[in-house]
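Presented below is the structure to which this report refers.
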Amino acid sequence: MRLIVKHFGPEWGAAVMGTAAISITMQLASEVARPFSALLYVGLGYYLLATVFFIVVLVPWTLRFFWYPEEVRKDLAHPIRGNFFPTVPISFILAGTGTNKLGPFLFGPTIAYHLGVVFFFVGAAGIFIFGVLLVRAQFLNKDIRVGHANFAWFIPPVSHLVIPVLGACSMDVYWADKALAPVLFMVSMVALGVGLLNFVFVGAAVWHRYTYRGVPPGRMAPTMMIAIAPTAILVVFLMKFAQAIEAGHGSLFGLTLPATFPIIRFASCVLWGFSVWWLVITALFLGHYVTQVGHPKTFAWWAYTFPFEVFVVATGLLSQVVAPLFLRASLEVLNGMVVVVWVVVVFGTLGWLRSGEYFAAAHAEE
Amino acid sequence: MKEPGMTRLGIVLVGLAVVLLPWCAGGLLWLSQAHGIHESIASGEDRDGEAATLAYKGVQVDWTLYPDWEFKPLLGAESAYFVFVFHYTNTGDRAIYLMPSYTLASPGETWQAANEEIASYIEDQVEDDLGVRDEPGLLYSVPAHSTRHYIAVFSQAPDAREFYVDVDIWHDRSLRIRYARDPATSDAGTWNYLGSAWVAKYRCRG
Numbered sequence: 139m140r141l142i143v144k145h146f147g148p149e150w151g152a153a154v155m156g157t158a159a160i161s162i163t164m165q166l167a168s169e170v171a172r173p174f175s176a177l178l179y180v181g182l183g184y185y186l187l188a189t190v191f192f193i194v195v196l197v198p199w200t201l202r203f204f205w206y207p208e209e210v211r212k213d214l215a216h217p218i219r220g221n222f223f224p225t226v227p228i229s230f231i232l233a234g235t236g237t238n239k240l241g242p243f244l245f246g247p248t249i250a251y252h253l254g255v256v257f258f259f260v261g262a263a264g265i266f267i268f269g270v271l272l273v274r275a276q277f278l279n280k281d282i283r284v285g286h287a288n289f290a291w292f293i294p295p296v297s298h299l300v301i302p303v304l305g306a307c308s309m310d311v312y313w314a315d316k317a318l319a320p321v322l323f324m325v326s327m328v329a330l331g332v333g334l335l336n337f338v339f340v341g342a343a344v345w346h347r348y349t350y351r352g353v354p355p356g357r358m359a360p361t362m363m364i365a366i367a368p369t370a371i372l373v374v375f376l377m378k379f380a381q382a383i384e385a386g387h388g389s390l391f392g393l394t395l396p397a398t399f400p401i402i403r404f405a406s407c408v409l410w411g412f413s414v415w416w417l418v419i420t421a422l423f424l425g426h427y428v429t430q431v432g433h434p435k436t437f438a439w440w441a442y443t444f445p446f447e448v449f450v451v452a453t454g455l456l457s458q459v460v461a462p463l464f465l466r467a468s469l470e471v472l473n474g475m476v477v478v479v480w481v482v483v484v485f486g487t488l489g490w491l492r493s494g495e496y497f498a499a500a501h502a503e504e
Numbered sequence: 251m252k253e254p255g256m257t258r259l260g261i262v263l264v265g266l267a268v269v270l271l272p273w274c275a276g277g278l279l280w281l282s283q284a285h286g287i288h289e290s291i292a293s294g295e296d297r298d299g300e301a302a303t304l305a306y307k308g309v310q311v312d313w314t315l316y317p318d319w320e321f322k323p324l325l326g327a328e329s330a331y332f333v334f335v336f337h338y339t340n341t342g343d344r345a346i347y348l349m350p351s352y353t354l355a356s357p358g359e360t361w362q363a364a365n366e367e368i369a370s371y372i373e374d375q376v377e378d379d380l381g382v383r384d385e386p387g388l389l390y391s392v393p394a395h396s397t398r399h400y401i402a403v404f405s406q407a408p409d410a411r412e413f414y415v416d417v418d419i420w421h422d423r424s425l426r427i428r429y430a431r432d433p434a435t436s437d438a439g440t441w442n443y444l445g446s447a448w449v450a451k452y453r454c455r456g
């Protein structure tokens, strides 16, 4: 047990993320047409499975802080591994989102919506704490090099972007006209500012690396998919915020639905467009890695799941307001692909565990 | 270093268990819903032939109310809901976009917005009962001379005696629909329609 905890890297939260988001893609896919309505219950199944994963991951991840603090410090300082620490706080946020949408079926609305808010504050606290620690570690690290830059650096900024998603979702389902709404709003807006601007800054650094130092080695290949997530998460936030305004009886903090919705719809389309474009880029480079560089089986394959799934969620939400026929059809196809990717990654992870690499110090350098 | 233990067959079996678990769990939950183990359907209620359809700016509004719709979560107590199915008819010659929002208010209770989650769990039964299709989402198109339908669900306080629902689809006015229980003339469980009215609300600069 202690050996497992010692080697339990910060990246395991990605498995929870990659499973939890499928519950939302299934829920959205179930709304498209009657033949798909049973997918809502498959989404509930993924929610339950993600809950099991969450508990299984949270225990050793937490124990490592107490049993092996030196290992934790080394990982936090590492220019690549450190970026994966926010995956567990992100899992809290995703737990809250899933609980808001699917929890009422299991526990009833009151318990689900209150539990969602608990997840919001716990997840937000974790994300803010790790965000500060990781920037501090990065700026003070004298050994960091251009070659360390990779799309995994997006994880800390992206983690801030999921906070307003749950904030808006919480206001949409219940809290829009309650006393907690201003707190949810302000925490969400602070996180949105942090995430949005860091996405721009970090993106520039990573683009610099890819342009002047070439692509990272094959074990880092899946991290390219991460770049699809920030703009997709922003689409999800914008759509949920519009729904929160609607739930606030058409007006939230002076923002009215008719006034804000045209901007929200326009911005969502633009941001979704970038995610589509980056998906094409990732597919091209996947081919490059598989045929020329190498694409070994690693835990990093989980990077293919959550970013792609949040893109599908963004597609599903956008289909409710623009190009419904095309986007709803796309949603069903993409939802199927999400399951295929997830299945491949699950079996790949089991194969990786069997190889014994779990107990090796896997630090991908340039 | 190879980790002793799992064979290839073991990997396949564990993998299959993990990937099939959500589908099996979902199937069990779906079967329980399909057989109505956790829900009861209240009888539909209209307005007894009263010509209560209302129209403004080319949009005609009608609705069906299922009062006292009972929904029981898997692990929680049963609760009653008001289930409205709004029918929007575009009487104009061009397609329009609707972006409705709904508010329910009852004395002693805070206002509440429509509950989309409960609506998604019960919409199949509602659609089957009425023979309509619920429109998903925030914004949807109503073609010329066509009708679209939208399910709005509100939780019901146990001792609720009267309520109203504001339907906001126009910029300059809302439609307020009133209902009340009248134990003097009907069973305690019957909700009576008290009428509708146009209300003007302040909406931030107008």
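Protein sequences, first through last, are from chains F and P.
Under the working numbering, the first residue of the first sequence carries the number 139, and numbering increases by one thereafter.
Under the working numbering, the first residue of the second sequence carries the number 251, and numbering increases by one thereafter.
For each residue, glycine too, the CB sits at the ideal point set by N, CA and C.
Cβ shell of E328/P (< 6 Å), same chain only, five flanking positions each side left out: Hits under 6 Å: E320 and K322.
Report yes or no: is there a C-beta of chain P within less than 7 Å of the C-beta of S413/F? No, its Cβ sits nowhere closer than 7 Å to a Cβ of chain P.
Whether or not the stretch 281-291 of chain F and the stretch 339-358 of chain F are in contact is what I'm after, with contact meaning three or more pairs of Cβ atoms, one per stretch, closer than 8 Å; do they touch? Three or more Cβ pairs drawn from the stretch 339-358 of chain F and the stretch 281-291 of chain F lie within less than 8 Å of each other, which places the two stretches in contact.
Simplified DSSP state of E289/P, which is helix, strand or coil: Note on E289/P: pLDDT 41, under 50, position unreliable in the model; no value is reported.
What is the DSSP secondary structure of V325/F, counted as helix, strand or coil? Per DSSP, reduced to three states, the secondary structure at V325/F is helical.
Taking the alpha-carbon positions, what's the V417/P to F332/P distance? Using only the alpha carbons, I get a separation of about 14 Å.
Please name the residue or residues paired with W313/P in a DSSP beta bridge. F336/P.
Do the stretch 361-368 of chain F and the stretch 424-444 of chain F meet, that is, are 3 or more Cβ pairs less than 8 Å apart? Look at the beta carbons and you see the stretch 361-368 of chain F touching the stretch 424-444 of chain F: at least three pairs across the two are nearer than 8 Å.
Indicate the three-state DSSP secondary structure (helix, strand or coil) for L444/P in the structure shown. Three-state DSSP puts L444/P in a strand.
For Y400/P and P350/P, which I take to be in contact (beta-carbon distance under 8 Å), what is that distance rounded to the nearest angstrom? At roughly 6 Å, the Cβ-Cβ gap stays under 8 Å, so Y400/P and P350/P are in contact.
Considering only the beta carbon of each residue, do P295/F and N336/F sit closer than 7 Å? Contact flag set, yes.
Output, in sequence order along the chain, the residues in the stretch 367-389 of chain F whose CB is closer than 8 Å to any CB in chain P. Sequence-ordered contacts of the stretch 367-389 of chain F with chain P read M377, A380, Q381, E384, A385, G386, H387, G388 and S389 [C-beta pairs closer than 8 Å].
Per DSSP, cross-strand counterpart(s) of E384/F: Per DSSP, E384/F has no beta bridge partner at all.
For E328/P, which beta-bridge partners are listed by DSSP? Looking at the DSSP assignment, E328/P forms no beta bridge with any residue, so it has no partner.
DSSP has W319/P in a bridge; who is on the other side? Secondary-structure assignment with DSSP links W319/P through a beta bridge to Y331/P.
Would you call the stretch 464-472 of chain F and the stretch 257-270 of chain P in contact, with 3 or more CB pairs under 8 Å? In short, these stretches do not touch, since the Cβ pair count stays below three.
With a 10 Å radius around its C-beta and 16 neighbouring C-beta atoms as the bar for buried, classify S391/P as buried or exposed. It is exposed - the Cβ of S391/P has fewer than 16 other Cβ atoms within 10 Å.
Whole angstroms is fine: what's the gap from T369/F's alpha carbon to K435/F's? The alpha-carbon atoms of T369/F and K435/F are separated by roughly 28 Å.
Given a cut-off of 7 Å on the beta-carbon distance, is the pair A267/P and G183/F in contact? Not a contact, by the Cβ cut-off of 7 Å.
DSSP state of E412/P, grouped into three classes? If DSSP states are grouped into helix, strand and coil, E412/P belongs with the strands.
Are S356/P and F404/P touching if we call contact CB-CB under 7 Å? No.
Could you tell me whether any Cβ in chain P is nearer than 7 Å to the Cβ of S229/F? No, S229/F lies away from the interface with chain P (no Cβ there is under 7 Å from its Cβ).
Could you tell me if H216/F is buried or exposed, where buried requires 16 or more neighbouring beta carbons within 10 angstroms of its beta carbon? Within a 10 Å sphere around the beta-carbon of H216/F sit 16 or more other beta-carbons, which makes this residue buried.
Straight-line gap, V450/F to S175/F (C-alpha atoms, nearest Å): The C-alpha of V450/F lies about 17 Å from the C-alpha of S175/F.
Just by C-beta distance, which residues in the stretch 406-430 of chain P are closer than 8 Å to chain F? Going along the stretch 406-430 of chain P in chain order, one finds D416, D418 and H421 with a Cβ nearer than 8 Å to chain F.
What is the rounded straight-line gap between the Cα of P148/F and the Cα of T353/P? One C-alpha to the other measures close to 44 Å.
Residues that A152/F contacts on chain P, provided the C-beta gap is smaller than 8 Å: What A152/F touches in chain P, judged by beta-carbon distance under 8 Å, is nothing: the nearest beta carbon there is about 15 Å away.
Just by C-beta distance, which residues in the stretch 167-184 of chain F are closer than 9 Å to chain P? Those would be S168, E169, V170, A171, R172, S175, A176, L177, L178, Y179, V180, G181, L182, G183 and Y184, in chain order.
Nearest-angstrom beta carbon gap, S297/F and I267/F [assumed within contact, 8 Å]: About 11 Å; that fails the 8 Å criterion.
Extent of the continuous beta strand (DSSP E) run through L214/F: DSSP places L214/F in no beta strand (DSSP E) but in the uninterrupted alpha helix (DSSP H) bounded by P207 to A215.
Under the three-state DSSP convention, the category V262/P falls into: Correct three-state label for V262/P: helix.
Please report the straight-line C-alpha distance between S446/P and R428/P, rounded to a whole angstrom. Distance between the alpha carbons of S446/P and R428/P: 6 Å.
Work out the CA separation of L417/F and R403/F for me, nearest whole Å. In this structure, the alpha-carbon of R403/F lies about 21 Å from that of L417/F.
Chain F contacts made by the stretch 353-376 of chain P, where a contact means CB separation under 9 Å: Correct list: T353, T360, W361, Q362, A363, A364, N365, E366, E367, I368, S370, Y371, E373 and D374.
Span of the beta strand (DSSP E) around R428/P: R428/P -> beta strand (DSSP E) spans S424 to R431.
Run the CB neighbour count on I372/P, radius 10 Å, all protein chains shown included, and call it buried at 16 or more, exposed below. Per the 10 Å Cβ criterion, buried.
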